[in-house]
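Residue numbers (my numbering): 2 to 144. Ideal Cβ placement from N, Cα and C applies to all residues, glycine included.
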Amino acid sequence: MAINLPSQKSGSRRAPMADINVTPLVDVMLVLLIIFMVTAPLLTAGVPVNLPDSRAKPLDQDAEPTEISLDEQGRIFIAKEEVSQQALPQRLDAIAAKGTADAPPQVFLRADKSLDYGRIMRVMGELNRAGLNRVALVTIGDE
2 MAINLPSQKS GSRRAPMADI NVTPLVDVML VLLIIFMVTA PLLTAGVPVN LPDSRAKPLD
62 QDAEPTEISL DEQGRIFIAK EEVSQQALPQ RLDAIAAKGT ADAPPQVFLR ADKSLDYGRI
122 MRVMGELNRA GLNRVALVTI GDE
């Protein structure tokens, strides 16, 4: 690597510097990286649900799971799309058909903590009936 040093012969006049200063570029990129790292987790939750606290460890996941949410009114959402109680079995059957015998689809169940236990168990019963047995209950980590 060569370095351009001003020559001794030029006296008081300096030769123009032809190097690019990358320090401001690195600074801007680091700031953008921090902004994206902070905002990316905030973009994952689509349905506002008041999750309960838990001391359980996070699960390792292989593929993108299907997310089912129950909000405080008891409405059911698959991904971010609202689904009626009557249409839920057909939608769950379609999700179960996407999996294989070796790797059934992973389901994340997010339910508001103010809901009664019976509503959540009805949804879990439908998941079991459809053959979706890899169900993880999503909570807020207690550190």
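In the three-state scheme derived from DSSP, where H, G and I count as helix and E and B as strand, Ile21 is classed as coil.
Taking 8 Å as the cut-off, the Cβ atoms of Val108 and Thr67 count as close. Put simply, the backbone Cα of Ile21 is about 30 Å away from that of Val39. Between the C-alpha atoms of Ser85 and Leu34 there is a straight-line separation of about 40 Å. With contact defined as three or more Cβ pairs closer than 8 Å, the stretch 78 to 98 and the stretch 128 to 138 are in contact. Counted as a single uninterrupted DSSP element, the alpha helix (DSSP H) harbouring Leu128 occupies residues 118 to 130. In the structure shown, Val84 falls within a strand segment according to DSSP collapsed to helix, strand and coil. Only residues of its own chain outside the window of five on either side were considered, and among them Leu71, Ile121 have a CB closer than 6 Å to the CB of Ala112, listed in chain order.
For Pro53, the closest C-alpha among the options Glu65, Leu116, Val27, Ile36 is that of Leu116. In the three-state reduction of the DSSP assignment, Arg56 falls in the coil class, being assigned neither a helical nor a strand state. In the DSSP secondary-structure assignment, Ala98 is not bridged to any residue.
Taking the C-beta atoms as reference points, Val124 is found nearer than 8 Å to Leu110. DSSP lists Ile77, Ala112 as the beta-bridge partner residues of Leu71.
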